[in-house]
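Novice: Can you read through this structure? Questions will come right after.
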Amino acid sequence: MLIDKYGHEKEINLQKKSQEKKSATSIYWIRQDLRLRDNPALQAATKASESMIAVYVWAPDEESPWQPGSASKVWLHQSLQSLIAEYQRHDTTVLIFKAGKGSTYESTLQVLDYLQAKTNADSIYWNRCYEPKIVERDKKIKAHFKEKGLEVESFKANLLFEPWEIRTKEDKPFQVFTPYWKNCLNHLDLEPPLRTPSHFPPLPANLADKKIPGSCTIDELDLLPHIKWDTGIREAWTPGEAGAHKQLKKFLNATVGDYAEARNFPAIQGVSRMSPHLHFGEISPRQIYNAVQQLDSSSKEHRHSHQVYLKELGWREFSHHLIFNFPTTDLHPLRKEFEHFPWQKSQKLMHAWQKGLTGYPIVDAGMRELWHTGIMHNRVRMIVASFLVKDLLLSWQAGAKWFWDTLVDADLAQNTMGWQWSAGCGADAAPYFRVFNPTLQGQKFDPQGEYVRQWVPELAKLSTKWIHEPWKAPAEALTASGIKLGSDYPLPIVDHSEARGLALQAFQHLKQYR
DNA sequence: TGAAATGTTGGGGCG
DNA sequence: ACGCCCCAACATTTC
Numbered sequence: 172m173l174i175d176k177y178g179h180e181k182e183i184n185l186q187k188k189s190q191e192k193k194s195a196t197s198i199y200w201i202r203q204d205l206r207l208r209d210n211p212a213l214q215a216a217t218k219a220s221e222s223m224i225a226v227y228v229w230a231p232d233e234e235s236p237w238q239p240g241s242a243s244k245v246w247l248h249q250s251l252q253s254l255i256a257e258y259q260r261h262d263t264t265v266l267i268f269k270a271g272k273g274s275t276y277e278s279t280l281q282v283l284d285y286l287q288a289k290t291n292a293d294s295i296y297w298n299r300c301y302e303p304k305i306v307e308r309d310k311k312i313k314a315h316f317k318e319k320g321l322e323v324e325s326f327k328a329n330l331l332f333e334p335w336e337i338r339t340k341e342d343k344p345f346q347v348f349t350p351y352w353k354n355c356l357n358h359l360d361l362e363p364p365l366r367t368p369s370h371f372p373p374l375p376a377n378l379a380d381k382k383i384p385g386s387c388t389i390d391e392l393d394l395l396p397h398i399k400w401d402t403g404i405r406e407a408w409t410p411g412e413a414g415a416h417k418q419l420k421k422f423l424n425a426t427v428g429d430y431a432e433a434r435n436f437p438a439i440q441g442v443s444r445m446s447p448h449l450h451f452g453e454i455s456p457r458q459i460y461n462a463v464q465q466l467d468s469s470s471k472e473h474r475h476s477h478q479v480y481l482k483e484l485g486w487r488e489f490s491h492h493l494i495f496n497f498p499t500t501d502l503h504p505l506r507k508e509f510e511h512f513p514w515q516k517s518q519k520l521m522h523a524w525q526k527g528l529t530g531y532p533i534v535d536a537g538m539r540e541l542w543h544t545g546i547m548h549n550r551v552r553m554i555v556a557s558f559l560v561k562d563l564l565l566s567w568q569a570g571a572k573w574f575w576d577t578l579v580d581a582d583l584a585q586n587t588m589g590w591q592w593s594a595g596c597g598a599d600a601a602p603y604f605r606v607f608n609p610t611l612q613g614q615k616f617d618p619q620g621e622y623v624r625q626w627v628p629e630l631a632k633l634s635t636k637w638i639h640e641p642w643k644a645p646a647e648a649l650t651a652s653g654i655k656l657g658s659d660y661p662l663p664i665v666d667h668s669e670a671r672g673l674a675l676q677a678f679q680h681l682k683q684y685r
């Protein structure tokens, strides 16, 4: 395979391929790339062959212990529906399979193997994923089909930089963001995004119009919850490629120019809301990067905001760089001394945090926004994470698990980096003694209390003066707002200043292990 | 992408 | 006028 160090392999290869004889049948394996545009694997499969099998395999066991959470599955269900509709417009059927315990096929490999044998397919293409378990599985699949003599190729589609390309001078992975991103920008050589393939080859004749053993419908994947709690998610989002581009346009037309400031205020729509779309590959970072570069940037402030936003794509790149190069960090702290951190266990405190009943309005607002919509504003994620880890002394792993199950944008790389950053045990992490004060953060970033009032309606009538510290409100103010603390809304479950002291003590305890 | 504690400065009140 | 104190405002250090 021709490899250019910075990711031009596919363009080079596509050129090469179009000069070659077409293969008979190609398999395009759909994974976290639920889009038609800017999709190199799909491009390769459609160009290379007389007939094509587009296949999605639901095999959550292969991602254990991080099989998709409930919110993520709701998103996936809808995104797949939308993807299949897009394919149908091009007269193409997407085959769907389940693999694992209790299914016709034990594994993804078995599904692909069956399809390959059945159709005598001679090539297989997919876009890369970077979670350690998935990388391991994909390597096996690649080796398996190469041994069988197939043309097997994977592509960079969901990152600007492969996690292994960017290295320090000592040829090590970066562990600090700023030099990492600087290095990335020095190497950035952005190709324009690919278009939707112009031609979609049909299914091989012996598969067309037949029921294929083990294949199923989206509904049969059983991704939707049995108790209908997902209306909030459905109202807040439009999963799928079209929804992704619509949201991007909205962001680019309205708020990206003020992003640097606006992104800090959860009550306004100052952020891009691209994260779930990016996670499922409904849009590529290259498409976003390109679109931002093409914006009018005559004003200095806007230019600055654009860079700040692109830097967020940089953090996304960095998280994948980290999970790939430090593959055990999904469960273990990168900084080893944190294995000795005296994390507490308390069902009661954990439950209060999860349900938004901590007595700290900004924390509770965030946790309830998460529960209702499957998303939480990033500023608030930092606040609630700091609160869990430093005020409640509950482990970042416990927080990561909850986010994993409730976020529609749950992404192993990003979730891991975010939580390790918050706990202070990761790469380029917040120093441990950096403890957010939920009251001050609330007053700074939700100064009118609008965000709190939206998600903690029992406080809605409380005046702005007390909205972030209701326990300090005079009795008259509380009665006038119809609030009885301790029954309508909880008193703080811990005293922040006391909790901060305890956290700093716990930090002292770690020093002996450095 | 912190916050609290501690230090410094300078204006104003006041004897 | 002067020295002293207070304290807000800002800066620096510390966790």
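Here the working numbering = 1-based position in the first sequence + 171.
Quick reminder that beta carbons are idealized off the backbone N, C-alpha and C, glycines included.
Sort out for me which residues DSSP pairs S386 with in a bridge.
Specialist: Paired residue(s): F268.
Novice: Quick one: Cα of G597 to Cα of H492, how far?
Specialist: Taking the straight line from one Cα to the other gives about 13 Å.
Novice: Can you tell me whether Q676 is helix, strand or coil according to DSSP?
Specialist: Q676: helix per DSSP, three-state reduction.
Novice: CA-CA distance, D312 and P609?
Specialist: Per the sequence presented here, residue 312 reads as Ile, with Asp not at that position. If I take the Cα positions, the gap works out to 48 Å.
Novice: Once DSSP output is grouped into helix, strand and coil, what is the label at N424?
Specialist: In this structure, N424 counts as helix in the three-state DSSP scheme.
Novice: When DSSP builds the beta bridges, which residues end up paired with I295?
Specialist: Per DSSP, I198 and V323.
Novice: From this set, E412, R405 and P344, which residue's C-alpha is nearest S455's C-alpha?
Specialist: The shortest C-alpha separation from S455 is found at E412.
Novice: My output table needs one value for Y301: the three-state DSSP class, helix, strand or coil.
Specialist: Y301 falls in the coil class under three-state DSSP.
Novice: Please state whether DSSP places A581 in a helix, a strand or coil.
Specialist: Coil.
Novice: Tell me whether Y531 sits in a helix, a strand or coil according to DSSP, three-state version.
Specialist: Here Y531 sits in coil by DSSP.
Novice: Over what stretch of residues does the beta strand (DSSP E) that includes V606 continue unbroken?
Specialist: Where V606 is concerned, there is no enclosing beta strand (DSSP E), given that its DSSP letter is neither H nor E.
Novice: Pull up the DSSP beta-bridge partners for A225, would you.
Specialist: Bridge partners of A225: Y199 and V265.
Novice: Taking Cβ positions, are D204 and G452 nearer each other than 8 Å?
Specialist: In contact: D204 and G452 (Cβ atoms closer than 8 Å).
Novice: Return helix, strand or coil for Q683, following the three-state DSSP convention.
Specialist: Looking at Q683 - three-state DSSP - the assignment turns out to be coil, as it is neither helix nor strand.
Novice: Leaving out the 5 sequence neighbours to the left and right, which residues in its chain are closer than 7 Å to E125 when beta-carbon positions are compared?
Specialist: No answer is possible for residue 125: the residues shown for the chain start at 172 and end at 685.
Novice: Measure how close the beta-carbons of E333 and Y296 come, nearest whole angstrom, since I'm counting them as under 8 Å.
Specialist: In fact, because the Cβ distance is near 17 Å, the residues do not count as touching under 8 Å.
Novice: Report, in whole angstroms, the separation of the C-beta atoms of H194 and E318, which I expect to be a contact under 8 Å.
Specialist: The sequence given here places Ser at residue 194; His does not occur at that position. At roughly 17 Å, the Cβ-Cβ gap does not stay under 8 Å, so S194 and E318 are not in contact.
Novice: Alpha carbon to alpha carbon, how far is G545 from L254?
Specialist: Answer to the nearest angstrom: the Cα atoms are 21 Å apart.
Novice: In terms of DSSP beta bridges, what is S220 paired with?
Specialist: DSSP lists S194 as partners of S220.
Novice: Pick helix, strand or coil for Q515, following the three-state DSSP scheme.
Specialist: In this structure, Q515 counts as strand in the three-state DSSP scheme.
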